[in-house]
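Notes follow once the structure below has been shown.
Residue numbers (this note's numbering): 1445 to 1652.
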């Protein structure tokens, strides 16, 4: 499983928006987007107006970094969305939202997607009662996401929930049980995405 090993705050500054790559830290005054203006790099204020290609590229990079995936995997999602009936951009965002690491984050079981991926890989998450250690697994309506019923898993998730879990989106339900559980009530739509993005710009870029 590939992952970004560099300073993630630079990624947020480059895209000009909070990608919540450090979880709750992004809501504090320590957030680099709030503390430092402009993009990272020596010549940040010398760059001129962005071209049409650059605008579309930045939308794609923003989505990739938000969900923590690389180019090859992102294109696989695009090709799968392109084969579906209806709007390709909406289908693409729905596929990305359905990733298990994103669902674990949105349910509040992890404070960030990188932490959610680690939690899944270490076997703390159950899907429909069975351990699943694949962060890219696509959930379906009716799936039950639960925490493994053992002391270490319960303590880990309890800490994350105690730090202030975000509001759960409408397409998910969080059940206040012990250990906590979640349920997928329906497929997500573009309006359920927690990131300001224009999917059509990404479709135009990748359709060239």
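Idealized CB from N, CA, C, for every residue including glycine.
Roughly how many whole angstroms lie between the Cα atoms of residue 1543 and residue 1500?
-> As a first step, residue 1543 is located in the chain shown; it is residue number 99 there, counting from the start. As a first step, residue 1500 is located in the chain shown; it is residue number 56 there, counting from the start. Taking the straight line joining both Cα atoms gives about 23 Å.
Same chain, Cβ closer than 7 Å to residue 1629, neighbours up to 5 away in sequence not counted | As a working note, residue 1629 is residue 185 in the chain shown. 1585, 1615, 1616, 1617, listed in sequence order.
Local Cβ density within 10 Å of residue 1546, reported as buried at 16 or more and exposed below that = If you number the chain shown from 1, residue 1546 lands on position 102. Here residue 1546 is buried. Its C-beta has 16 or more other C-beta atoms within 10 Å.
Nearest residue (CA-CA) to residue 1576, options 1529, 1517, 1567 | As a working mapping, residue 1576 is identified with position 132 in the chain shown. The option with the nearest alpha carbon to residue 1576 is 1567.
Which value, in whole angstroms, describes the spacing of the CA atoms of residue 1536 and residue 1651?
-> Locating residue 1536 in the chain shown gives position 92, counting from the first residue. Locating residue 1651 in the chain shown gives position 207, counting from the first residue. The alpha-carbon atoms of residue 1536 and residue 1651 are separated by roughly 13 Å.
Minimum Cβ-Cβ distance from residue 1587 to chain B less than 7 Å = Protein chain content of the structure displayed is limited to a single chain, and chain B is not contained in it.
How many angstroms separate the CA atom of residue 1569 from the CA atom of residue 1511?
-> On the chain shown, position 125 is the one that residue 1569 refers to. On the chain shown, position 67 is the one that residue 1511 refers to. Rounded to the nearest angstrom, the two C-alpha atoms are 19 Å apart.
Should residue 1573 be labelled buried (16 or more other beta-carbon atoms within 10 Å of its own) or exposed?
-> Here residue 1573 corresponds to residue number 129 of the chain shown, with the count starting at 1. By the 10 Å Cβ count, residue 1573 comes out exposed.
Span separating the alpha-carbon of residue 1532 from that of residue 1642 | By one-based count along the chain shown, residue 1532 stands at place 88. By one-based count along the chain shown, residue 1642 stands at place 198. If you draw a straight line from the Cα of residue 1532 to the Cα of residue 1642, it is about 12 Å long.
State the start and end residues of the unbroken alpha helix (DSSP H) segment that holds residue 1499.
-> Residue numbering aside, residue 1499 sits at position 55 when the chain shown is read from its first letter. 1496 to 1511 is the span of the alpha helix (DSSP H), which, as asked, contains residue 1499.
Which runs of the beta strand (DSSP E) fall wholly inside the stretch 1578 to 1609 and span at least 3 residues, in chain order?
-> Taking only runs of at least 3 residues, the beta strand (DSSP E) segments lying wholly in the stretch 1578 to 1609 are 1588 to 1591.
For residue 1552, which of helix, strand or coil comes out of DSSP?
-> The sequence position of residue 1552 within the chain shown is 108, counting from 1. Coil, per DSSP.
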